[in-house]
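J.: Plus 1312 on top of the position in the sequence shown (first one is 1) and you've got the numbering used here. This is the structure, below, for whatever I ask next.
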Amino acid sequence: RILQMNDAASPENGNWPARANHVNLPDCQMSSNRSSRMQRKHKVAFVTIVPSPYQRDLFGALAAKDEIDLSVYYLEAGVPESPWPEKELRPFEKILPGFLIPFGNVRAHLNWPLPDLSEQDVVVLSSYSSFTGQLLMRGKLRNQRWLFWGEQMRPQTALKHLIQTQLAAPIQRATGVVA
1313 RILQMNDAAS PENGNWPARA NHVNLPDCQM SSNRSSRMQR KHKVAFVTIV
1363 PSPYQRDLFG ALAAKDEIDL SVYYLEAGVP ESPWPEKELR PFEKILPGFL
1413 IPFGNVRAHL NWPLPDLSEQ DVVVLSSYSS FTGQLLMRGK LRNQRWLFWG
1463 EQMRPQTALK HLIQTQLAAP IQRATGVVA
């Protein structure tokens, strides 16, 4: 089950997962014949920033599930200030080619080519401020089931509030929010 946003739920007013509805993923069972049923795996892709240990633990547990066909795409391999040791990527994990453009203390990623997510049952995106996240939310994910996965946004003032509001606007089109 996932959370579906409603009109009262938005990143700006801060009440978004509390004001959401539960939605079931589509039934992924297919009949191979009348007497037996074969279960198709849910194709799930995560697009997240960096391979952090706590996320990798979650991804490993998901990949071990028989009913999930998992793909994980990272915007970068690591950050210079990270205390996390580098570990070898597993077969379901990939670092997207690209680079980052620093804006003050914000790391804006631009990855190209974007992964082909068209066959996924659901895409989970955890970056709204990167160029990559914006390209996905405003383009490639427009006709797909996708979730935004992130922390509640901090209130900003003046110009920063305007920028944050514009960057977060596509989250309203997400199927749901995981926060």
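For every residue, glycine included, the Cβ atom is placed at its ideal position computed from N, Cα and C.
1) On a CA-only basis, which of V1435, S1441, T1469 is nearest L1453? Give me that one, please.
2) Could you tell me the boundaries of the alpha helix (DSSP H) in which G1372 lies?
3) Does M1449 get closer than 7 Å to chain B when you measure Cβ to Cβ?
4) Is the beta carbon of L1408 closer than 7 Å to that of L1387?
5) Y1440: which of V1418, L1401, R1402, T1469 sits nearest, CA to CA?
6) Please confirm if the segment 1449–1464 is in contact with the segment 1424–1435, defined as three or more CB-CB distances below 8 Å between the two stretches.
7) Applying the criterion that 16 or more other CB atoms from any shown protein chain within 10 Å of the CB defines a buried residue, is L1429 buried or exposed?
8) Apart from the five residues just before and just after G1445, which ones in its own chain have a Cβ nearer than 7 Å to its Cβ?
9) What does the alpha-carbon distance come out to for the pair S1442 and P1425?
10) CB-CB under 6 Å to P1427, same chain, minus the five flanking residues each way: which ones, in chain order?
11) Note down, one range per segment and in chain order, each beta strand (DSSP E) of at least 3 residues found wholly within the segment 1376–1460.
12) Going by DSSP, what residues sit across from V1359 in a beta bridge?
13) Return the Cβ separation of E1379 and K1355 in integer angstroms, given the expectation that the two are a contact with Cβ distance under 8 Å.
14) Who are the near neighbours of Q1476 in its chain, counting only those whose CB is closer than 7 Å to its CB and skipping five residues on each side?
15) Taking the beta strand (DSSP E) that G1462 falls in, what are its first and last residues?
16) On the three-state DSSP scale, how would you describe Q1351?
17) How long is the line joining the alpha carbons of L1471 and Q1478, rounded to whole angstroms?
T.: Taking the coordinates as given:
1) Locating residue 1453 in the sequence shown gives position 141, counting from the first residue. Nearest C-alpha to L1453: V1435.
2) As a working note, residue 1372 is residue 60 in the sequence shown. Here the alpha helix (DSSP H) through G1372 covers 1365–1375.
3) Of the chains in the structure shown, none is chain B; there is only one protein chain.
4) Looking up residue 1387 in the sequence shown gives position 75. Looking up residue 1408 in the sequence shown gives position 96. Yes, the Cβ-Cβ distance between L1387 and L1408 is below 7 Å.
5) As a working note, residue 1440 is residue 128 in the sequence shown. Ranking V1418, L1401, R1402, T1469 by Cα distance to Y1440 puts V1418 first.
6) yes
7) By one-based count along the sequence shown, residue 1429 stands at place 117. When all chains shown are included, L1429 counts as buried.
8) Mapped onto the sequence shown, residue 1445 falls at position 133. L1437, S1439.
9) Residue numbering aside, residue 1442 sits at position 130 when the sequence shown is read from its first letter. Residue numbering aside, residue 1425 sits at position 113 when the sequence shown is read from its first letter. Using only the alpha carbons, I get a separation of about 15 Å.
10) For the purposes of this step, residue 1427 is taken as the residue at position 115 of the sequence shown. Once the five neighbours on either side are set aside, the close Cβ partners of P1427 are Y1385.
11) 1380–1386, 1405–1407, 1410–1415, 1418–1423, 1434–1437
12) Position 47 of the sequence shown holds residue 1359. Beta-bridge pairing links V1359 to Y1385, L1437.
13) Here residue 1379 corresponds to residue number 67 of the sequence shown, with the count starting at 1. Here residue 1355 corresponds to residue number 43 of the sequence shown, with the count starting at 1. With 8 Å as the limit, E1379 and K1355 do not qualify as a contact, their Cβ atoms being about 11 Å apart.
14) Translated into the one-based positions of the sequence shown, residue 1476 becomes position 164. These residues qualify, in order along the chain: M1465, Q1468.
15) Taking the first residue of the sequence shown as 1, we reach residue 1462 at position 150. Taken as a continuous stretch (DSSP letters only), G1462 belongs to no beta strand (DSSP E), as it is neither H nor E.
16) Looking up residue 1351 in the sequence shown gives position 39. Three-state DSSP puts Q1351 in a strand.
17) On the sequence shown, residue 1471 is found 159 positions in, with the first residue counted as 1. On the sequence shown, residue 1478 is found 166 positions in, with the first residue counted as 1. Roughly 11 Å between the two C-alpha positions.
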